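Engineer: In my numbering, the protein residues as written are 289 to 536.
Where is the CB? At the ideal position from N, CA and C, for every residue including glycine.
This one's a predicted model, so the numbers in the text were calculated from it and none came from an experiment.
Have a look at this one before I ask anything.
As structure tokens, then:
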């Protein structure tokens, strides 16, 4: 098992789902983890309690990444509680919500990702790593069409990835790696549920095309692994392959 003892980590959007699974794995490897939530404090506190009961270190911090103060609050929490910030997992995403405004997807999936990266890397030292979590549907959106209900989110996430990649030269100069993890539709996520509701049969159709869809737990473990995997900066890890995407 990777040893992340004495390391500090932030996992955005980690009060449930993939982010929570990533946080649990990093904590099991010794990292102190900042669990980020926007509104659901009890859910985040439950994740923290589980980590602590298992002998790990974690703290829950409420922060809206689209606000001016949100990213800084997470960075400060990592430094104050764990002494350093060595791993940043940019997992939080969204945009299918109907009550957050027409530009919410772009504000969260691009602008907030950049703001979080800038706030974090100002405090991260050589040997640190940033991991950006995306989907095949977003990563390949300029080459492969996706479901109508997901396209605005996919395009905003792709815009976020490209904006983050623009920072790679500056990050390399500081000795900070940047890695992308791209996954297919994930069973059990709120996004998959909303898509299947908008377009009934979407999950089954994608499962048939891909041969297998990862569970939240399986994908979370793969994301966590990329926090310390020996890959070059700028690398994209296609979890489970990318059947139907790489061929185009």
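Using 10 angstroms around the beta-carbon of residue 296, count the other beta-carbons present and answer buried if the total reaches 16, otherwise exposed.
Structural biologist: buried
Engineer: Please identify the residue among 397, 455, 327 and 516 whose C-alpha is closest to the C-alpha of residue 442.
Structural biologist: 397
Engineer: For residue 375, I'd like the list of residues in its chain whose CB is within less than 6 angstroms of its CB, leaving aside the five on either flank, ordered along the chain.
Structural biologist: 297, 417 and 515
Engineer: Going by other Cβ atoms of all chains shown within 10 Å of its Cβ, with 16 needed for buried, is residue 328 buried or exposed?
Structural biologist: By the beta-carbon neighbour count (other beta carbons within 10 angstroms, threshold 16), residue 328 is exposed.
Engineer: Restricting to runs no shorter than 4 residues, where is the alpha helix (DSSP H) found entirely within the region 396-427?
Structural biologist: 400-409 and 424-427
Engineer: Starting from residue 364, trace the alpha helix (DSSP H) both ways and give me its first and last residue.
Structural biologist: 358-370
Engineer: Rounding to the nearest angstrom, what Cα-Cα distance links residue 313 and residue 509 in this structure?
Structural biologist: 7 angstroms
Engineer: What is the rounded straight-line gap between the Cα of residue 403 and the Cα of residue 474?
Structural biologist: 26 angstroms
Engineer: Nearest to residue 365 by alpha carbon, out of 353, 426 and 347?
Structural biologist: 347
Engineer: State the beta-bridge partners of residue 298 as determined by DSSP.
Structural biologist: 322 and 376
Engineer: Can you say whether residue 449 is buried or exposed, counting buried as having 16 or more other CB atoms within 10 angstroms of its CB?
Structural biologist: buried
Engineer: Find the nearest neighbour of residue 238 within the set 446, 420 and 421, judged by alpha-carbon distance.
Structural biologist: Residue 238 is absent from the model: the chain starts at 289 and stops at 536.
Engineer: DSSP three-state label for residue 344, please.
Structural biologist: coil
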